[in-house]
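Everything below concerns the one structure shown next.
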Amino acid sequence: MKLQTLLTRDPFTQLTVLAGESGLNHDINHVTMMDAPDILPYLKSNDLLITTGYHLKDNPAQLIDLIQEMAKLDCAALFIKTKRFLHTLPEAVLDTANEINFPIIELPEDWSLGDTVNQLLTIILDKRTSELRHAIDTHRQFTLHIMNGKGLDTLLSHLTNLIRHPVMLTNSYLTPIAGQVDLLKGMPYLMELAQYGYLLLPKSTEVSFCDVHTQIEYTVYPVHKHTNQPDLLFVKGAIGVSDHVNRLTTEQAVNVLSFERLREEAIKQTTRRIRNEFFANFLDQTYSSNEEMTNKASEFGLPVQQEYICAVGEIDPLNEMWIYQSHHKELDQVYDFLENEIQSLAVPCYLFTKGDQLILLLSVNDLIEDVQEFCTSFLELLQLRLSRFYELTLSFGVSHVCSSFFAVQQGYQEAQKALHHTSGWRQPSSIHFFQTTDISGLLRLVPEKELTAYYHQTVKQLRLDQLDEDKTLLQTLFMYMECQCQISETAKQLFVHRNTVVYRLEKCEELLHTTLKDPEFTLQIRTAMRIKQLLES
Numbered sequence: 001m002k003l004q005t006l007l008t009r010d011p012f013t014q015l016t017v018l019a020g021e022s023g024l025n026h027d028i029n030h031v032t033m034m035d036a037p038d039i040l041p042y043l044k045s046n047d048l049l050i051t052t053g054y055h056l057k058d059n060p061a062q063l064i065d066l067i068q069e070m071a072k073l074d075c076a077a078l079f080i081k082t083k084r085f086l087h088t089l090p091e092a093v094l095d096t097a098n099e100i101n102f103p104i105i106e107l108p109e110d111w112s113l114g115d116t117v118n119q120l121l122t123i124i125l126d127k128r129t130s131e132l133r134h135a136i137d138t139h140r141q142f143t144l145h146i147m148n149g150k151g152l153d154t155l156l157s158h159l160t161n162l163i164r165h166p167v168m169l170t171n172s173y174l175t176p177i178a179g180q181v182d183l184l185k186g187m188p189y190l191m192e193l194a195q196y197g198y199l200l201l202p203k204s205t206e207v208s209f210c211d212v213h214t215q216i217e218y219t220v221y222p223v224h225k226h227t228n229q230p231d232l233l234f235v236k237g238a239i240g241v242s243d244h245v246n247r248l249t250t251e252q253a254v255n256v257l258s259f260e261r262l263r264e265e266a267i268k269q270t271t272r273r274i275r276n277e278f279f280a281n282f283l284d285q286t287y288s289s290n291e292e293m294t295n296k297a298s299e300f301g302l303p304v305q306q307e308y309i310c311a312v313g314e315i316d317p318l319n320e321m322w323i324y325q326s327h328h329k330e331l332d333q334v335y336d337f338l339e340n341e342i343q344s345l346a347v348p349c350y351l352f353t354k355g356d357q358l359i360l361l362l363s364v365n366d367l368i369e370d371v372q373e374f375c376t377s378f379l380e381l382l383q384l385r386l387s388r389f390y391e392l393t394l395s396f397g398v399s400h401v402c403s404s405f406f407a408v409q410q411g412y413q414e415a416q417k418a419l420h421h422t423s424g425w426r427q428p429s430s431i432h433f434f435q436t437t438d439i440s441g442l443l444r445l446v447p448e449k450e451l452t453a454y455y456h457q458t459v460k461q462l463r464l465d466q467l468d469e470d471k472t473l474l475q476t477l478f479m480y481m482e483c484q485c486q487i488s489e490t491a492k493q494l495f496v497h498r499n500t501v502v503y504r505l506e507k508c509e510e511l512l513h514t515t516l517k518d519p520e521f522t523l524q525i526r527t528a529m530r531i532k533q534l535l536e537s
């Protein structure tokens, strides 16, 4: 409540401003009545002091010290009943008050201090009641915006119109969510403040700062969610302490934003849990058919025929006693961070969790010349940014190129083996690529389409289709090759007599018109056999 309001309301129209008329612009928070010399320790900013001046009657000049100290405390004004004990104020007091623009207002002798205080308090309460009604109405408007599905952008646009300041909502990593998305353009230093936790003070409800280049002041409000990392509402321009209406309006907007972001986060967490369950079931091969898995993958926007690289990440232990099960909170933070970074980098990548692992599926296309170099640079960038925001490091195991989504199961196994390839303590923020150790691993590097073509060509060239009439012949031939052409071992593996194996092999030679001792033929047969097993896995 400003003093101009007092001067235009009955019965205060009879008040006389003795000094500091240009300073009648404070918003009164409290009214204090005093006739004792030790009042200063009890005064605060925007307090209004009412007195008869009894304790100053023998030394009116002490009023100079009083009003100077009140001005330092940013008090609103001094109401004084001069005719009771002082009769008149010294010119030096009035000159000092005018010099520092501190209001001194004379109360008529027939007014009691009690009635004056009561009327002032009534005016203050009326104004505060009006502000609270405005806050409730504003909260109702913001809530209706959300309930009617108008979204955060509409809410923030309405907030901008009410407080006449541009606003923007970001996440804790300063990625725009809604509002005027270019509000922080040209202020890259904010990212450093955010990553080191200096943008918001602990338990603060708001923080103000001024851009040294533009001299524009900004106010930041935390919008709390279920996590320890709140969203941030940026308001361009200063909202003064005495601007109760705009402050209350902004606070109501923050409350509604907080509930809406909680709702969105709950939906997001549910969707994330469903996606992770799908991926875990896929890795554990619990789906009844490829068709069912294909339908599930399409629900989450995962192209089945796309080539992928699977990277498995784990938070590096802080010490030997560190266990992942007690650090789900850190894992959630890392997931949110990586999700935000992947989105900002616009890299085609899908993120999942399984137990204590973070799993990244990177889409591979023909534009990537060196896949390993691409993966290394991408993962190193994620590791670098993560270490800047959190006191955590992340290590990755990386698979070969998976020919399709179906091959990601094998890629996951490869990435796990690569990550845990060394015994003991691994280096923090390390990246390990799977190294092929057998012919099957080497064949997986060949696209499935080419493997299929090679297999059918080999079957046709070697006329293996001649053995289709009797499946036992093809089975015996493949097992014979796997057993290093040892008849006895072959018979043992097939649970048949040795002579049966000899008969079947002779039959194969007769149908294929070749000898099984030809090394080139043996190599082709074994390669085709491995390819067949790989395609059927």
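Okay, so the sequence shown: first residue is 1 according to the UniProt record's numbering, each after it adds one. Glycine included, every Cβ here is placed at the ideal spot set by N, Cα and C.
Nearest-angstrom Cα separation, counted from residue j out to residue i
i	j	result
L386	E264	24 Å
Q325	D356	In this prediction, Q325 has a pLDDT of 48, which is less than 50 and means its spatial position is unreliable; nothing more can be read from the coordinates.
K83	P108	8 Å
H497	E291	41 Å
T214	L382	33 Å
S258	L159	15 Å
V459	V334	50 Å
M479	P317	46 Å
M321	M187	The predicted position of M321 is uncertain, since its pLDDT is 49 and thus under 50; no value can be drawn from it.
G301	C210	44 Å
F433	A418	6 Å
E192	F278	37 Å
L144	T271	26 Å
I359	G313	6 Å
T219	L63	38 Å
L233	L169	5 Å
L40	M70	7 Å
Q180	E339	23 Å
H87	K57	9 Å
E373	Q435	15 Å
G237	S298	47 Å
Residue i, buried or exposed, once every other Cβ within 10 Å from all chains shown has been counted against 16
i	result
G411	buried
V502	exposed
S403	buried
T476	buried
H420	exposed
L132	exposed
residue 539	With the chain running from 1 to 537 in the structure shown, residue 539 is simply not present.
C75	buried
T472	exposed
K81	buried
V212	exposed
residue 538	Past the boundaries of the shown model lies residue 538; the chain is included only from 1 to 537, so the question cannot be answered.
S130	exposed
I267	exposed
E509	exposed
E260	buried
P28	In the sequence as presented, Pro is not what sits at residue 28; that position holds Ile. With 16 or more Cβ atoms within 10 Å of its Cβ, I28 is classed as buried.
I525	buried
Q252	buried
L125	exposed
D47	buried
L120	buried
K150	exposed
Nearest-angstrom Cβ-Cβ length linking residue i and residue j, presumed shorter than 8 Å
i	j	result
Y455	L535	7 Å
V364	I274	Incorrect: roughly 26 Å between the Cβ atoms, too far for contact.
A415	S430	13 Å between Cβ atoms; not a contact.
M33	V117	5 Å
S103	A19	Per the sequence presented here, residue 103 reads as Pro, with Ser not at that position. That belief holds up - the Cβ atoms of P103 and A19 are roughly 7 Å apart, short of 8 Å.
L379	F396	5 Å
D35	Y54	5 Å
I50	F79	4 Å
V256	L155	7 Å
C375	L362	7 Å
I163	N101	At roughly 28 Å, the Cβ-Cβ gap does not stay under 8 Å, so I163 and N101 are not in contact.
Residue-chain proximity (residue i, chain C), Cβ-Cβ < 8 Å
i	result
L107	Of the protein chains in this structure there is only one, and it is not chain C.
Subject >> Touching by the beta-carbon criterion (3+ pairs, under 8 Å), the segment 130 to 138 and the segment 89 to 105 >> reply: Touching, no, given that fewer than three Cβ pairs across the two stretches are closer than 8 Å.
Original post:
Using 8 Å as the Cβ pair cut-off and three pairs as the minimum, do the segment 388 to 397 and the segment 348 to 356 touch?
Top reply: In this structure the segment 388 to 397 does not touch the segment 348 to 356; the number of beta carbon pairs closer than 8 Å is below three.
**OP:** Could you tell me which uninterrupted beta strand (DSSP E) segments, each at least 3 residues in length, are contained entirely in the segment 164 to 190, listed from first to last along the chain?
**Re:** Within the segment 164 to 190, the complete beta strand (DSSP E) runs of at least 3 residues are 167 to 170 and 176 to 179.
Original post:
Does the count of Cβ pairs from the segment 228 to 242 and the segment 273 to 289 closer than 8 Å reach three?
Top reply: Short answer: they don't touch.
**OP:** Within the UniProt domain "Purine catabolism PurC-like" (6 to 124), note down every full alpha helix (DSSP H) run reaching 4 residues or more, in order along the chain.
**Re:** Runs found: 62 to 72, 82 to 85 and 91 to 99.
Subject >> Residue ranges of each beta strand (DSSP E) within the segment 221 to 253, 3 or longer >> reply: Correct list: 231 to 236.
Subject >> Length at least 3, wholly inside the UniProt domain "CdaR GGDEF-like" (289 to 420): the beta strand (DSSP E) runs in chain order >> reply: You should have 307 to 315, 349 to 354, 357 to 364 and 394 to 402.
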